[in-house]
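Worksheet: the structure to be examined is printed underneath.
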Amino acid sequence: MGNFVQATDAVIAYLTQVGARETPAQIRCREETQKHPAAIMQIAPEQGAFLQVLVKLMGATRYLEIGVFTGYSALSVALALPADGRVVALDVSREFTDLARGYWKEAGVESKIDLRLGPAVDAMDAMIARGEGPFDFVFIDADKTGYDAYYERALKLLRPGGLIALDNALMFGEVADPTNNAPNPRAIRALNAKILADPRVDMALATVGDGVMLAVKR
């Protein structure tokens, strides 16, 4: 078994210092969102940087995001995409995404991002029906009980060799407790097992943030 670093306050503080390069818009988005009661939904800055590195390595130009919140992940990816890169971002909350638009505009990437409000399953079904895509990269960070439905649709919208990244794959450690049958850890535990056995993808579960499941479409 490998060694795992404990997420102590000192380690988290160190990550904040050297884990990511952030633009002023990213810093403002992160710091202002931290004051929100739902701040736990925001990804960590090193996760944003992780997504950016993946985009650069893949040469991605088409990115689909399910779950926008206040826009940090979409902002991070939009900054990493080339000038002709495009983001399609799906969310149900106008309140949160109105905040996101402000950060995107400040960073000068608003024109790269196509925000679509409404249930993501409906939006993805419509995209599949229209033959939209294919996408290079899909990031899923929304309601956990909906992850399996989003994963299946993402596979249809993704090109061969494209990547799906699913946030909260460790659910704060709750997935490791088989007696914890609350809806969210139960849904993530089942999907992790499904992806592990899924012959349609190559996969790895990375211990970045709260765990990021990576699945590359074969």
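Numbering (my numbering), first residue to last: 893 to 1110.
Cβ atoms here follow ideal geometry from the backbone N, Cα and C, with glycine treated the same way.
Roughly how many whole angstroms lie between the Cα atoms of residue i and residue j?
i	j	result
K997	P929	24 angstroms
R954	A917	22 angstroms
G1065	N1072	10 angstroms
R1055	L1097	Looking at the sequence itself, residue 1055 is Leu, so the reference to Arg does not match. Cα-Cα distance, rounded: 13 angstroms.
G977	V910	27 angstroms
V1041	M1105	Per the sequence presented here, residue 1041 reads as Ala, with Val not at that position. Spanning the two alpha carbons is a distance of roughly 15 angstroms.
T1099	E924	26 angstroms
T989	N1076	23 angstroms
K921	I932	This sequence places Cys at residue 921; Lys is not what is there. Looking at the two C-alpha atoms, the distance is approximately 14 angstroms.
F942	Q898	19 angstroms
D1014	G951	28 angstroms
K1004	P1070	42 angstroms
G1023	V1108	20 angstroms
R1051	L1062	26 angstroms
A1034	S985	11 angstroms
L967	D1090	31 angstroms
V1067	A1085	11 angstroms
Y1043	I1080	11 angstroms
K1048	T1037	19 angstroms
V947	Y906	24 angstroms
A1046	T900	35 angstroms
R1092	Y995	36 angstroms
Q944	A1074	32 angstroms
M1101	A1057	Correcting the residue identity first, residue 1101 is Gly in this sequence and not Met. So the two alpha carbons sit approximately 13 angstroms from each other.
A1121	D1028	Coverage of the chain is limited to positions 893 through 1110, which leaves residue 1121 absent and any answer about it impossible.
Q939	A1021	32 angstroms
Y1039	M1016	13 angstroms
G1103	R913	20 angstroms
V1001	S965	13 angstroms
G1053	D983	26 angstroms
Q926	I919	11 angstroms
V903	M1019	42 angstroms
A999	R1110	35 angstroms
Among all the DSSP beta bridges, which residues are the ones paired with residue i?
i	result
L1047	None; L1047 has no bridge partner.
I1005	V979
D1033	BP columns for D1033 are empty, so no partner.
R954	R978
M1105	L1058, L1097
F1027	L1050
I think residue i touches residue j, with their Cβ atoms under 8 angstroms apart; what is that distance to the nearest whole Å?
i	j	result
L971	T915	7 angstroms
A981	V960	5 angstroms
A992	G963	3 angstroms
D1006	V979	7 angstroms
I1087	I1032	About 11 angstroms; that fails the 8 angstroms criterion.
Identify every run of the alpha helix (DSSP H) within the stretch 923-967, keeping only runs that are complete inside it and at least 4 residues long; order them along the chain. List check, alpha helix (DSSP H) in window: 937-950.
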